[in-house]
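Right, one structure below, let's go through it.
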Amino acid sequence: MHSELSVSLWRGGEDGRYETYSVPQRENQTVLDVVTFVQRHVDPTLSYRFACRVGVCGSCAMTVNGKPRWTCRTHVAKVAHGGRLEIGPLENLPVIKDLATDMRVFFEKWQEAKGVFAPTKTRHDAIAQIRPDTPARIAADAAIECINCGICYSACDTVRWNDDYFGPAALTRAWTLVNDERDGGNTARLQAIAGSGGCHACHSHQSCQQLCPQSLNPTAAIAGLKRRTVAAYLNGEITA
Amino acid sequence: MIARHLKHRGSALWLAAIVHRLSGLALAIFLPLHFLALGLAIEGEARLEDFLRWTDRPLVKFAEVALVFLFTVHLLGGLRILVIENLDWREGQKQLAALAAAVSAIVAFVFLVRVF
Amino acid sequence: MNVRLYIWQRATAAIMAPLVLVHIALIFYATRQGLSAADVLSRTRGSIAWAAFYGMFVAAVSIHAAIGVRNVLHEWTPLTERRAGFCAIAFGLLLAALGARAVAAVVLP
Numbered sequence: 294m295h296s297e298l299s300v301s302l303w304r305g306g307e308d309g310r311y312e313t314y315s316v317p318q319r320e321n322q323t324v325l326d327v328v329t330f331v332q333r334h335v336d337p338t339l340s341y342r343f344a345c346r347v348g349v350c351g352s353c354a355m356t357v358n359g360k361p362r363w364t365c366r367t368h369v370a371k372v373a374h375g376g377r378l379e380i381g382p383l384e385n386l387p388v389i390k391d392l393a394t395d396m397r398v399f400f401e402k403w404q405e406a407k408g409v410f411a412p413t414k415t416r417h418d419a420i421a422q423i424r425p426d427t428p429a430r431i432a433a434d435a436a437i438e439c440i441n442c443g444i445c446y447s448a449c450d451t452v453r454w455n456d457d458y459f460g461p462a463a464l465t466r467a468w469t470l471v472n473d474e475r476d477g478g479n480t481a482r483l484q485a486i487a488g489s490g491g492c493h494a495c496h497s498h499q500s501c502q503q504l505c506p507q508s509l510n511p512t513a514a515i516a517g518l519k520r521r522t523v524a525a526y527l528n529g530e531i532t533a
Numbered sequence: 233m234i235a236r237h238l239k240h241r242g243s244a245l246w247l248a249a250i251v252h253r254l255s256g257l258a259l260a261i262f263l264p265l266h267f268l269a270l271g272l273a274i275e276g277e278a279r280l281e282d283f284l285r286w287t288d289r290p291l292v293k294f295a296e297v298a299l300v301f302l303f304t305v306h307l308l309g310g311l312r313i314l315v316i317e318n319l320d321w322r323e324g325q326k327q328l329a330a331l332a333a334a335v336s337a338i339v340a341f342v343f344l345v346r347v348f
Numbered sequence: 080m081n082v083r084l085y086i087w088q089r090a091t092a093a094i095m096a097p098l099v100l101v102h103i104a105l106i107f108y109a110t111r112q113g114l115s116a117a118d119v120l121s122r123t124r125g126s127i128a129w130a131a132f133y134g135m136f137v138a139a140v141s142i143h144a145a146i147g148v149r150n151v152l153h154e155w156t157p158l159t160e161r162r163a164g165f166c167a168i169a170f171g172l173l174l175a176a177l178g179a180r181a182v183a184a185v186v187l188p
């Protein structure tokens, strides 16, 4: 263990640069601890996001040594080989300043992919009885725990190469709704994800699945959407 | 800059996807040439024969070995994608991708041995 | 990419899988036997079976490769999706034309 870490942090906007700081290494130190140390003791102008610090909110996602990760759940000892760390903002998103990105396009694509529940009942109707052990509910439950941290979106090369592509998170949410028997918006949803930028753009690189901190599997969800949209197209429910 | 971007993309499955894409591109470039060569038969058997004997040289044979590898790896990679997209999710994707590459290399090697 | 192009690309891929296996086997057979042009053409000329086999292969690969090229152009070059589509169609037609010519060259008596 080195006594001092050499930490490169991205400073500035899109056309910024990495600046290097010296941070004391401690036992049981997370990457978020390192960033916080710099802001508190070295340079108060450093901008970054965090909230819960304990791995349930997803706000602290950044690019650490080339990989998008939750910094509060990344132990320095595991990633700082040779005592060096390179920390940058999440990729595939515009940089606001330093380590903070503009996530609006991430959420806009969520809406465009119709990752939004379309209700069929009102409060005056009886509560829907949803069995947890139907194949559809099992599929939805396996994909539902997304907290919109943006790691999958940042890791995805198809997002990088194709501006229209909705990305793994939006499509995974669409998949949970496609499998939700209470939802009434499936035709519009399948239509939305069957066009340019939809699920068919996915090349199954599986970076999303490998890096999702919630152990979700967008690749599998998107494969399911591919099957559903093909069926919907072939039986005339949607058009190309 | 590029090296940094490539860090988390060294995973086996990303590599498999890139190999699949590049092999497809290579085959797409090769195909018109292949069709033109076969089209030589229009000018008669002798013309095609001349061409086939031209391909007997070692450098062309090595190119053919590479093509056999690219062809096989593109087929096997494509089958893996069809499995992901049409059958239930299965683990072991990295192993399947590695297997596809290994089988393709073996097929290309067998071809190499047979033409030399 | 959209659902229609996806279906065409995956369907032609599935159709071609067995054709590719046969073609690879043929490559091995032909090179092992050291087939000359005369050997090849004596087998293919006048053969409806080979015409059908390779005709289907050419049709499928023209579609499959064109859509693949379209994706690569859209993702890896500055071309818009529309322009990538036009280039892809042109490429597909080129493959179909050259391929049909090649099949005719070896199959027509």
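Protein chains in written order, with the numbering used here: chain A, 294 to 533; chain B, 233 to 348; chain C, 80 to 188. For each residue, glycine too, the CB sits at the ideal point set by N, CA and C. Model, not experiment: these values are computed from the prediction.
Checklist entry - Taking the continuous beta strand (DSSP E) assigned at A/Y311, which residues delimit it? => result Here the question's residue 311 of chain A lines up with position 18 in the first sequence. First-last of the beta strand (DSSP E) with A/Y311: R310 to P317.
Item to check | Whether A/V324 touches A/Y314 by CB criterion (8 Å) | outcome: Within the first sequence, numbered from 1, the residue matching residue 324 of chain A stands at position 31. Within the first sequence, numbered from 1, the residue matching residue 314 of chain A stands at position 21. It is not a contact, given that the beta carbons lie outside the stated cut-off.
Next on the checklist: By the 9 Å beta-carbon criterion, what residues does the segment 503-527 of chain A contribute toward chain C?
Outcome noted: Listed in chain order, the positions of the segment 503-527 of chain A with a beta carbon within less than 9 Å of a beta carbon of chain C are K519, T522, V523, A525, Y526 and L527.
Checklist entry - Any idea which residues DSSP pairs A/T356 with across the strands? => result What you label residue 356 of chain A is simply residue 63 of the first sequence in a count that begins at 1. Paired residues: A/P361 and A/G381.
Item to check | Residues bridged to A/K371 [DSSP beta-bridge criterion] | outcome: For this step, residue 371 of chain A is matched to residue 78 along the first sequence. For A/K371, which the question treats as bridged, DSSP gives no partner whatsoever.
Next on the checklist: Using a Cβ-Cβ cutoff of less than 7 Å, which residues in the same chain neighbour A/N441 once the five nearest sequence positions on both sides are dropped?
Outcome noted: What you label residue 441 of chain A is simply residue 148 of the first sequence in a count that begins at 1. Closer than 7 Å at the Cβ level, and outside the excluded window around A/N441, lie G351 and A462.
Item to check | Of the residues C/L174, C/V101, C/G178 and C/A145, the one placed nearest C/A163, counting alpha carbons only | outcome: Here residue 163 of chain C refers to the residue found at position 84 when the third sequence is read from its first residue. For the set C/L174, C/V101, C/G178 and C/A145, the Cα lying nearest the Cα of C/A163 is the one of C/A145.
Checklist entry - For A/E307 and chain C, any beta-carbon pair shorter than 8 Å? => result Mapped onto the first sequence, residue 307 of chain A falls at position 14. It does not: the Cβ of A/E307 has no partner Cβ on chain C nearer than 8 Å.
Checklist entry - So what does DSSP say about A/V347, is it helix, strand or coil? => result In the first sequence, counting from the first residue as 1, residue 347 of chain A sits at position 54. Coil, per DSSP.
Checklist entry - A/V304 bridges to which residues according to DSSP? => result One-based indexing of the first sequence puts residue 304 of chain A at position 11. The residue you asked about is not Val; residue 304 of chain A is Arg in the sequence shown. Per DSSP, A/R310.
Next on the checklist: Let's test the definition: count the other Cβ atoms within 10 Å of the Cβ of A/K402 and tell me whether it reaches 16, buried, or not, exposed.
Outcome noted: Reading the first sequence from its first residue, position 109 is the one you call residue 402 of chain A. With at least 16 other beta carbons inside 10 angstroms of its own, A/K402 counts as buried.
Item to check | Nearest-angstrom beta carbon gap, A/L386 and A/A436 [assumed within contact, 8 Å] | outcome: Position 143 of the first sequence holds residue 436 of chain A. Position 93 of the first sequence holds residue 386 of chain A. With 8 Å as the limit, A/A436 and A/L386 do not qualify as a contact, their Cβ atoms being about 22 Å apart.
Checklist entry - Run through DSSP, which three-state label would A/S500 get? => result The residue given as residue 500 of chain A occupies position 207 in the first sequence. A/S500 sits in a helix when the DSSP states are folded into three classes.
Item to check | Neighbour-count burial assignment, C/S141, 16 or more Cβ in a 10 Å radius | outcome: Taking the first residue of the third sequence as 1, we reach residue 141 of chain C at position 62. Classification for C/S141: buried.
Checklist entry - Where DSSP assigns a beta bridge to A/T394, which residues make up the other side? => result Numbered from 1 along the first sequence, position 101 holds the residue referred to as residue 394 of chain A. For A/T394, the pairing in a beta bridge is given by DSSP as A/V388.
Item to check | Proximal residues of chain A, C-beta to C-beta of C/R83 below 8 Å | outcome: Locating residue 83 of chain C in the third sequence gives position 4, where the first residue counts as 1. Simply Y526 and A533.
Next on the checklist: DSSP has A/E297 in a bridge; who is on the other side?
Outcome noted: If you number the first sequence from 1, residue 297 of chain A lands on position 4. DSSP links A/E297 through a beta bridge to A/P317.
Item to check | C/V82 beta carbon less than 8 Å from that of A/T522 | outcome: Position 229 of the first sequence holds residue 522 of chain A. Position 3 of the third sequence holds residue 82 of chain C. Closer than 8 Å, so yes.
Checklist entry - In angstroms, rounded to a whole number, what distance separates the CA positions of B/S336 and B/G256? => result On the second sequence, position 104 is the one that residue 336 of chain B refers to. On the second sequence, position 24 is the one that residue 256 of chain B refers to. Their backbone Cα atoms lie some 14 Å apart in a straight line.
Checklist entry - Any C-beta of chain B sitting closer than 8 Å to the C-beta of A/N500? => result Locating residue 500 of chain A in the first sequence gives position 207, where the first residue counts as 1. Contrary to the premise, residue 500 of chain A reads as Ser rather than Asn in this sequence. Yes, A/S500 lies at the interface with chain B (some Cβ there is under 8 Å from its Cβ).
Checklist entry - Are the segment 418-432 of chain A and the segment 467-475 of chain A touching, with three or more C-beta to C-beta distances below 8 Å? => result Short answer: they touch.
Checklist entry - Are the segment 276-287 of chain B and the segment 311-328 of chain B in contact at 8 Å, needing three or more beta carbon pairs? => result Between the segment 276-287 of chain B and the segment 311-328 of chain B, the count of Cβ pairs shorter than 8 Å is below three; the stretches do not touch.
Checklist entry - By Cβ distance below 8 Å, which residues in the same chain neighbour C/A179 in space, the five residues on each side in sequence not counted? => result Locating residue 179 of chain C in the third sequence gives position 100, where the first residue counts as 1. Excluding residues within five positions, the ones whose Cβ falls inside 8 Å are G134 and V137.
Next on the checklist: Nearest by alpha-carbon distance to B/L265: which of C/V186, C/L177, C/L187 and C/V182 is it?
Outcome noted: Start at 1 with the first residue of the second sequence, and residue 265 of chain B comes out as number 33. The residue among C/V186, C/L177, C/L187 and C/V182 with its C-alpha nearest the C-alpha of B/L265 is C/L177.
Next on the checklist: Given a cut-off of 8 Å on the beta-carbon distance, is the pair A/G490 and A/D457 in contact?
Outcome noted: Taking the first sequence and counting its residues from 1, one reaches residue 490 of chain A at position 197. Taking the first sequence and counting its residues from 1, one reaches residue 457 of chain A at position 164. Yes, the pair counts as a contact, with Cβ atoms nearer than the cut-off.
Item to check | Candidates A/N528, A/E307 and A/Y526, of which the one nearest A/L383 by Cα | outcome: Here residue 383 of chain A refers to the residue found at position 90 of the first sequence. Checking every option, the nearest Cα to that of A/L383 belongs to A/E307.
Checklist entry - Which two residues bound the contiguous alpha helix (DSSP H) that contains A/I420? => result The residue labelled residue 420 of chain A in the question sits at position 127 within the first sequence. Neither: A/I420 is in no alpha helix (DSSP H) and is coded neither H nor E.
Next on the checklist: Using a Cβ-Cβ cutoff of less than 7 Å, which residues in the same chain neighbour A/Q502 once the five nearest sequence positions on both sides are dropped?
Outcome noted: Here residue 502 of chain A refers to the residue found at position 209 of the first sequence. Result list for A/Q502: N510, P511 and T512, in chain order.
Next on the checklist: My output table needs one value for A/T323: the three-state DSSP class, helix, strand or coil.
Outcome noted: As a first step, residue 323 of chain A is located in the first sequence; it is residue number 30 there, counting from the start. A/T323 falls in the strand class under three-state DSSP.
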